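Scroll down for the structure; my scribbles are underneath it.
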Amino acid sequence: MVFISLFEISIAFFCFLLFRHFLINKKTHRLCPTNWPFFGMIPGLLVEIHRVYDFITEILEVTNLTYPCTGPCFANLDMLVTVDPANIHHIMSSNFANYPKGPEFKKLFDILGDGIFNADSELWKDLRKSAQSMMMNPEFQKFSLATSLKKLEKGLVPLLDHVAKEKLAVDLQDMFQRFTFDTTFVLATGYDPGCLSVEMPEVEFARALDDAEEAIFFRHVKPEIFWRLQGLLGLGDEKKMTKARSTLDRVCSKYIAIKRDEVSRGTNNVDSHSKDLLTSYMNLDTTKYKLLNPSDERFLRDTILTFMLAGRDTTGSGLTWFFWLLIKNPEVIAKIRQEINTALFQRSKVDDDASNNNDSDSFSPQELKKLVYLHGAICESLRLYPPVPFQHKSPTKPDVLPSGHKVDANSKILFCLYSLGRMKSVWGEDALEFKPERWISESGNSVHEPSYKFLSFNAGPRTCLGKEVAMMQMKSVAVKIIQNYEMKIVEGQQIEPAPSVILHMKHGLKVTVTKRCLV
Ligand code: HEM
Numbered sequence: 001m002v003f004i005s006l007f008e009i010s011i012a013f014f015c016f017l018l019f020r021h022f023l024i025n026k027k028t029h030r031l032c033p034t035n036w037p038f039f040g041m042i043p044g045l046l047v048e049i050h051r052v053y054d055f056i057t058e059i060l061e062v063t064n065l066t067y068p069c070t071g072p073c074f075a076n077l078d079m080l081v082t083v084d085p086a087n088i089h090h091i092m093s094s095n096f097a098n099y100p101k102g103p104e105f106k107k108l109f110d111i112l113g114d115g116i117f118n119a120d121s122e123l124w125k126d127l128r129k130s131a132q133s134m135m136m137n138p139e140f141q142k143f144s145l146a147t148s149l150k151k152l153e154k155g156l157v158p159l160l161d162h163v164a165k166e167k168l169a170v171d172l173q174d175m176f177q178r179f180t181f182d183t184t185f186v187l188a189t190g191y192d193p194g195c196l197s198v199e200m201p202e203v204e205f206a207r208a209l210d211d212a213e214e215a216i217f218f219r220h221v222k223p224e225i226f227w228r229l230q231g232l233l234g235l236g237d238e239k240k241m242t243k244a245r246s247t248l249d250r251v252c253s254k255y256i257a258i259k260r261d262e263v264s265r266g267t268n269n270v271d272s273h274s275k276d277l278l279t280s281y282m283n284l285d286t287t288k289y290k291l292l293n294p295s296d297e298r299f300l301r302d303t304i305l306t307f308m309l310a311g312r313d314t315t316g317s318g319l320t321w322f323f324w325l326l327i328k329n330p331e332v333i334a335k336i337r338q339e340i341n342t343a344l345f346q347r348s349k350v351d352d353d354a355s356n357n358n359d360s361d362s363f364s365p366q367e368l369k370k371l372v373y374l375h376g377a378i379c380e381s382l383r384l385y386p387p388v389p390f391q392h393k394s395p396t397k398p399d400v401l402p403s404g405h406k407v408d409a410n411s412k413i414l415f416c417l418y419s420l421g422r423m424k425s426v427w428g429e430d431a432l433e434f435k436p437e438r439w440i441s442e443s444g445n446s447v448h449e450p451s452y453k454f455l456s457f458n459a460g461p462r463t464c465l466g467k468e469v470a471m472m473q474m475k476s477v478a479v480k481i482i483q484n485y486e487m488k489i490v491e492g493q494q495i496e497p498a499p500s501v502i503l504h505m506k507h508g509l510k511v512t513v514t515k516r517c518l519v
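Okay, structure coming up:
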């Protein structure tokens, strides 16, 4: 009897705690997830995980751009989610020193070791300066453009011709990932893995990167102890992560050994003209960059892997969403074609005057820069579908953000780039529409948007180092395909972002292709 009453009293006390909790933690808005005792908002987030980006976007729109998200009390998953441009500018630029990526970031992305994505303070400075000096070198830029053009002519065009001739469907996402995988691998190591071909071979390195990215995404919503346990027991995503790690280590180690051998024998791959990043790092002047150690295999492995993640997936994802938007908006394709034809006509006039005979339909970087409408269309696509959909920061000292939110030392701040590009209060009432014209001024020049508003390439001192390489690559691919092919989306596909640290399409993008008759 006494036992039953004790049980009833406990239930009543628990109900009282729950009631009190809901009175204190009233929801900011009906769309926001409930903050449950013990589990925080995680149950509400997990229910919406299949459409997590749109869910967060809806919440941020109704909460004035910043939302404190509470995790389970035992899991250290509390974070402040913000897309307020004033906060972004404060964190990314004006108070950069107080906002490193932090140790939590490195734990989640541990597969990248001490590469530039994970590094902070002095190590990051050395990594950034060395990578910048290599990538800004005009020889590297020429090498990068030549690599893209060669892959276009020898890989992408034959594949699209084949698909058109045989009336097949091709997964554009797979095709672009293979394209950028090959080009980035050449830039990183000097070797072409030949992933883009009519046979579409399975490439274990590419599969391992995909698996690792998915596992990293889920680490963001799981308590650390949980995913570490999964890793130890070899379960779920962490099982894939362990396998991915061993594949990535093995492949990197193989290429490092081949390259060391070549560099020591002076027989470097002629195609790369010694401008690939691996060769440059092996010959690094370590008196300038005291914290970098190119004789350490681990350092070279982390560098290759970081560049593969930085260059392959981002540009591949950017191209996929861009072509999806184009196919859905044929009037945009027509305008880009018109712009390309005008540029080709002007070039032919200049050539006639100078008696040159340049009948190539590939554009030089200077010519590509003049395609203002194409530039606007790509920026518009990167605004709505940023390849890196979210980013983290963690303050070293407590601070108050311009939005008035207080942040503690070592707390987590998350920028949702996907949501930022869709906020009506930032981009206007037509924020959800695909409008390349948004990026063109009345005088016909490109409109520059500040990076704390258009964050797709990051902002402040950690701005993306590959922005120019990526834009040139996307433009070269776009010109070639738009000029020579028509594409149609295969009916009945569901197009949605996959939960990953890169904004992939969950089920790919299958299209049919026909070759255009050019007169
Ligand atoms: C459309 C294509 C691309 C997009 C949208 C993009 C976007 C970004 C973003 C958002 C970051 C910041 C990530 C973070 O701090 O967590 C970043 C950093 C970086 N990106 Fe890109 N990226 C692209 C292409 C490339 C390419 C092609 C390369 C190199 C070949 C590259 C190299 C880098 C590097 C080295 C960093 C680290 C910068 C630092 O931490 O100081 N990116 N990129």
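Per the UniProt record's numbering, the very first residue in the sequence shown carries number 1; after that it's consecutive. Glycine is no exception: its CB is placed at the ideal position from the N, C-alpha and C atoms. Given the structure is predicted, the values throughout are model-derived calculations rather than measurements.
Select from P85, I59, Q141 and M79 the residue whose C-alpha is nearest the C-alpha of L465.
-> Within the sequence shown, the letter at position 465 stands for residue 465. Answer by Cα proximity: Q141.
Simplified DSSP assignment, three categories, for D361 = Numbered from 1 along the sequence shown, position 361 holds the residue referred to as residue 361. Coil, per DSSP.
Do residue 602 and A188 have their C-beta atoms within less than 9 Å of each other?
-> What is shown of the chain runs 1 to 519, which leaves residue 602 out entirely.
4 or more residues per run - each alpha helix (DSSP H) lying fully within the stretch 172–245 | 172–189, 204–219 and 224–233
CA-CA distance, N98 and K393?
-> Looking up residue 98 in the sequence shown gives position 98. Looking up residue 393 in the sequence shown gives position 393. Approximately 10 Å between the Cα atoms of the pair.
Where the alpha helix (DSSP H) containing F143 begins and where it ends | Here residue 143 corresponds to residue number 143 of the sequence shown, with the count starting at 1. Note, F143: alpha helix (DSSP H), P138 to K151.
Looking at the structure shown, is L414 part of a helix, part of a strand, or coil, going by DSSP?
-> Here residue 414 is taken as the residue at index 414 of the sequence shown, counted from 1. Of the three classes helix, strand and coil, the one that applies to L414 here is strand, per DSSP.
Segments assigned alpha helix (DSSP H), at least 4 residues, entirely inside the stretch 445–513 = 467–484
Output the distance between the C-alpha atoms of Y373 and E437, rounded to the nearest integer angstrom.
-> Taking the first residue of the sequence shown as 1, we reach residue 373 at position 373. Taking the first residue of the sequence shown as 1, we reach residue 437 at position 437. Using only the alpha carbons, I get a separation of about 7 Å.
Can you name the residues that DSSP bridges to Q391?
-> For the purposes of this step, residue 391 is identified with residue 391 of the sequence shown, where counting begins at 1. DSSP output for Q391 lists F415 as bridge partner(s).
Should D361 be labelled buried (16 or more other beta-carbon atoms within 10 Å of its own) or exposed?
-> Here residue 361 refers to the residue found at position 361 when the sequence shown is read from its first residue. Exposed is the call here.
Sorted by chain position, which residues of the same chain lie with C-beta nearer than 8 Å to D126's C-beta, five sequence neighbours on each side aside?
-> Within the sequence shown, the letter at position 126 stands for residue 126. Correct list, in chain order: Y289, K290, L291 and L292.
The stretch 242–261 contacting the stretch 161–171, beta-carbon criterion three pairs below 8 Å | no
Thinking C-alpha only, which one of M135, D114, A334 and F181 is nearest M481?
-> Numbered from 1 along the sequence shown, position 481 holds the residue referred to as residue 481. One detail in the question is off: residue 481 reads as Ile in this sequence, not Met. With distances taken between Cα atoms, I481 lies closest to A334.
Examine the ligand HEM and report whether any of its heavy atoms sits within less than 8 Å of the Cβ of A470.
-> The residue labelled residue 470 in the question sits at position 470 within the sequence shown. Yes.
The ligand HEM heavy atom lying under 8 Å from the CB of L417 = If you number the sequence shown from 1, residue 417 lands on position 417. Yes, Cβ of L417 sits closer than 8 Å to a heavy atom of the ligand HEM.
Using only the heavy atoms of the ligand HEM, determine whether one of them is closer than 8 Å to the beta carbon of I116.
-> Walking along the sequence shown from the start, residue 116 turns up at place 116. Answer for I116: yes, Cβ within range of the ligand HEM.
Using 10 angstroms around the beta-carbon of G404, count the other beta-carbons present and answer buried if the total reaches 16, otherwise exposed.
-> Here the question's residue 404 lines up with position 404 in the sequence shown. G404 comes out exposed.
Which residue from P43, H507, M505 and F143 puts its Cα closest to that of P365?
-> As a first step, residue 365 must be located in the sequence shown, where it is residue number 365. With distances taken between Cα atoms, P365 lies closest to F143.
Out of E166, G40, A119 and H50, point me to the one whose CA is closest to T514's CA.
-> Taking the sequence shown and counting its residues from 1, the one referred to as residue 514 is at position 514. When each option's Cα is compared against that of T514, the closest is E166.
G318 Cβ short of 8 Å to the ligand HEM heavy atom set | Here the question's residue 318 lines up with position 318 in the sequence shown. Under cutoff, so the answer is yes.
Residue span of the beta strand (DSSP E) that contains V81, given as start and end = The residue you call residue 81 lines up with position 81 of the sequence shown. Note, V81: beta strand (DSSP E), M79 to T82.
If you run the structure through DSSP and keep just helix, strand and coil, what is C252?
-> Here residue 252 refers to the residue found at position 252 when the sequence shown is read from its first residue. The answer is helix: DSSP assigns C252 an H, G or I state.
Any heavy atom of the ligand HEM closer than 8 Å to the Cβ of H89?
-> Here residue 89 refers to the residue found at position 89 of the sequence shown. H89: no, Cβ never under 8 Å from the ligand HEM.
Between H392 and the ligand HEM, is the CB less than 8 Å from at least one heavy atom?
-> Walking along the sequence shown from the start, residue 392 turns up at place 392. H392: yes, Cβ under 8 Å from the ligand HEM.
Sufficient close CB pairs (3 or more, under 8 Å) joining the stretch 418–434 to the stretch 53–61 = yes
Determine, using beta-carbon pairs with one atom in the stretch 387–402 and one in the stretch 308–320, whether at least three such pairs fall under 8 Å.
-> yes
Going by beta carbon distance, what residues of the same chain come within less than 7 Å of N329, once the five residues before and after it are set aside?
-> Translated into the one-based positions of the sequence shown, residue 329 becomes position 329. Same-chain partners within the cutoff: F434.
CA nearest to the CA of G444, picked from L229, H375 and M79 = Position 444 of the sequence shown holds residue 444. Residue H375 is the option with its Cα nearest to G444.
Near the ligand HEM: N329 beta-carbon under 8 Å from a heavy atom = The residue you call residue 329 lines up with position 329 of the sequence shown. False, no ligand heavy atom lies under 8 Å from that Cβ.
Check whether the Cβ atoms of F323 and V511 sit closer than 9 Å, and answer yes or no.
-> Numbered from 1 along the sequence shown, position 323 holds the residue referred to as residue 323. Numbered from 1 along the sequence shown, position 511 holds the residue referred to as residue 511. Cβ atoms of F323 and V511: closer than 9 Å.
Flag T82 as yes when its Cβ comes closer than 8 Å to any non-hydrogen atom of the ligand HEM, and as no otherwise.
-> Your numbering for residue 82 matches position 82 in the sequence shown. Because no heavy atom of the ligand HEM lies under 8 Å away, the Cβ of T82 does not count as near it: no.
Residues near M282 by beta carbon distance below 8 Å, same chain, minus five either side = Indexing the sequence shown from 1 puts residue 282 at position 282. Cβ within range, chain order: K259, R260, V263, P294 and L300.
With C-beta atoms as the reference, is Y452 less than 9 Å away from A86?
-> Counting from 1 along the sequence shown, the entry for residue 452 is found at position 452. Counting from 1 along the sequence shown, the entry for residue 86 is found at position 86. Yes. Within cutoff.
For K107, the three-state DSSP class (helix, strand or coil) = Looking up residue 107 in the sequence shown gives position 107. K107 falls in the helix class under three-state DSSP.
Does DSSP put D126 in a helix, in a strand, or in coil?
-> Your numbering for residue 126 matches position 126 in the sequence shown. Three-state DSSP puts D126 in a helix.
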